[in-house]
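In terms of my numbering, the sequence shown opens at residue 42 and continues consecutively.
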Amino acid sequence: MHSPLSSFENHLPRRVITGRGASQSLAAVCQTNGWSRVFVVSDAGVAGAGLLRQVALPLRAETFAEVPPEPPIEVVDAIAVRIKASGAEAVIALGGGSVMDAAKVASLCVRHGKAAREFVGIGKAGGRGLPTVLIPTTAGTGSEATFVALLTDPATGNKVGVVDPCILADTAIVDPTLTDGLPAQVTASAGMDALVHTIEAFIARVATPLARGLALEAARRIGRSLEVVCCEPGNTAARDDMAIGSHLAGMAFANSSCCAVHALALPLGGRFHIPHGVITGCFAGEMMRHNSPACAEDFAALALALGWGAVDGAAFAGRLDAVADAIGLRAQLRRVAVPSDAIASMARDAVAIHRLIDPNPREVTEADATRIYWAVLEPV
Ligand SMILES: [Fe+2]
């Protein structure tokens with residue numbers, strides 16, 4: 042049963058600018074802050090889609106547009122070297138979660154003169170980094186609203202997190218036009234991840250009242266628009282809902298927590314390079330089936346906000362499975378053959394991620410994690 046915290050603290054970006062065309066205000070944002078020299082971090086997909094040119098050209102800034110997906114820790118150090126050499130006063134990130142996360146940690150490296158690895162963990166920043174402007178080009182990660190950055194440790198294959206309110210954006214700019222041309226698979230996986238953020242932020246043991254309010258509004262927008270935007274990529278109203286909804290969901294889990302779906306997602310994503318939202322989307326139903334005895338009231342409230350009507354726990358979980366199927370996530374997961382002998386070590390690693398397992402509304406043992414991996418992956 043959910044018992045709201047009696048004392049709590051919330052952390053949000055200092056300034057948020059939203060709306061179609063909002064990214065056009067970037068030059069004005071730089072001017073207002075007195076930054077004469079900024080550095081832009083992005084990736085090849087964003088550059089190839091013409092968005093880097095469109096957004097960053099007026100700044101005449103140095104750019105690093107080669108952030109790889111699931112960025113290894115060392116890439117962040119390489120970016121930091123470039124930023125430092127440029128003499129930039131602020132860092133602009135234009136891209137999805139990987140780009141924004143790399144930029145957040147690179148800004149710490151530059152300001153504090155340390156390697157990215159030294160910031161891994163909770164509360165290791167030791168003060169804010171260079172100022173950041175985070176501009177998402179996908180609708181899902183919510184990274185522009187959070188103080189988590191996920192990187193890959195090439196030594197172990199595991200995802201590692203830099204978690205500290207000091208990496209919150211100075212300014213987040215949420216411009217849905219940047220998501221209009223997103224490929225269908227990214228629209229689906231990122232959008233489903235936002236839905237999972239919403240649910241986990243709402244049901245987590247550590248959810249603040251602010252987070253629960255944000256999660257319900259995120260659920261309202263994502264519920265009515267996720268499947269629509271996957272069927273009708275040109276539906277701008279649905280694109281707007283997903284951009285704002287995923288941003289609100291990011292704010293929600295930043296002031297609550299993600300839970301066990303994300304704990305199981307990290308070892309799997311680190312080992313098999315399956316898109317994060319494909320994993321969280323496919324595991325959500327089975328994990329909510331597990332959580333159901335502890336979440337009756339919360340699932341009822343979420344289902345209403347999502348537009349699913351009055352459903353019980355079993356139907357709520359079934360509905361999540363149905364969405365993952367309908368938007369093609371299950372098919373994407375099936376393309377990767379996960380060997381059955383990988384499951385034991387993934388289950389062991391997953392339950393050791395206490396920052397995600399402990400807030401889960403129902404205990405998840407290693408045996409539970411093993412059972413859920415088997416049920417969802419149907420390994421070879
Ligand atoms: Fe996620």
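Glycine included, C-beta positions come from ideal geometry on N, C-alpha and C.
No experiment lies behind these values; they were computed from the predicted model shown.
- Could you pull out every residue in the same chain whose Cβ sits closer than 7 Å to the Cβ of Leu236, ignoring the five residues on either side in sequence? Ile263 and Leu267
- How about Cys7: is its Cβ closer than 7 Å to a heavy atom in ligand 1? Residue 7 lies beyond the range of the chain shown here (42 to 421); nothing can be said about it.
- Query: In this structure, does DSSP put Ala280 in helix, strand or coil?
  - Reply: Note that residue 280 corresponds to Arg in the displayed sequence, not to Ala. Correct three-state label for Arg280: helix.
- Query: Between Val392 and Leu305, what straight-line distance do the alpha-carbon atoms span, to the nearest angstrom?
  - Reply: 8 Å
- State the beta-bridge partners of Arg56 as determined by DSSP. Thr212
- Query: Looking at the unbroken alpha helix (DSSP H) that takes in Phe243, where does it start and where does it end?
  - Reply: Ala225 to Ile244
- Message: I need the DSSP call for Gly62, collapsed to helix, strand or coil.
- Response: coil
- Query: What number of angstroms, rounded off, separates the C-alpha of Thr239 from the C-alpha of Ser298?
  - Reply: 10 Å
- Along the beta strand (DSSP E) that carries Leu192, what are the first and last residues, could you check? Per DSSP, Leu192 belongs to the beta strand (DSSP E) from Val189 to Thr193.
- Complete runs of the alpha helix (DSSP H) confined to the segment 92–156 [at least 4 residues]: Complete alpha helix (DSSP H) runs here, min 4: 92–97, 114–127 and 138–153.
- Skipping 5 residues on each side, what residues in its chain have a beta carbon closer than 6 Å to that of Met42? Interpretation of Met42 is limited by its pLDDT of 47, a score under 50 that renders its predicted location unreliable; the figure taken from the coordinates is listed afterwards. None.
- Task: Could you have a look at Ile285 and say whether DSSP puts it in helix, strand or coil?
- Result: Ile285: helix per DSSP, three-state reduction.
- Task: With distances taken Cα to Cα, identify the nearest neighbour of Asn401 among Ala248, Arg265 and Gly291.
- Result: Ala248
- Assigned exposure category for Gln72 - 16 Cβ within 10 Å defines buried: exposed
- Could you check where the alpha helix (DSSP H) with Gly254 kicks off and where it finishes? Per DSSP, Gly254 belongs to the alpha helix (DSSP H) from Pro250 to Cys272.
- Task: Pick helix, strand or coil for Met42, following the three-state DSSP scheme.
- Result: Low confidence applies to Met42: its pLDDT is 47, below 50, so where it sits in the model is not reliable, and the reading given next is rough at best. Looking at Met42 - three-state DSSP - the assignment turns out to be coil, as it is neither helix nor strand.
- Query: So, are the CB atoms of Asp118 and Ala157 less than 8 Å apart?
  - Reply: Cβ atoms of Asp118 and Ala157: closer than 8 Å.
- Message: Please classify Asp205 as buried or exposed, where buried requires at least 16 neighbouring CB atoms within 10 angstroms.
- Response: buried
- Item | 8 Å Cβ cutoff met for Phe243 and Ala231 | no
- Item | Residue interval of the beta strand (DSSP E) (run including Leu361) | Premise fails: Leu361 lies in the alpha helix (DSSP H), Gly354 to Ala367, not in any beta strand (DSSP E).
- Mapping DSSP to helix, strand and coil, what is Leu305? helix
- Per-residue DSSP class, three states only, for Leu175: Note: Leu175 maps to strand in three-state DSSP.
- Task: Would you mind working out which of Gly183, Thr178 and Ala121 sits nearest Ala85, comparing C-alpha positions?
- Result: Thr178
- Task: Report back the beta-carbon spacing between Pro172 and Ala131 to the nearest angstrom; my notes put them in contact at under 8 Å.
- Result: Taking a contact as a CB-CB distance under 8 Å, the pair Pro172 and Ala131 counts as one, their CB atoms being some 4 Å apart.
- Query: Based on the DSSP secondary-structure assignment, which residues constitute the bridge partners of Val405?
  - Reply: Note: Val405 sits in no beta bridge, so no partner.
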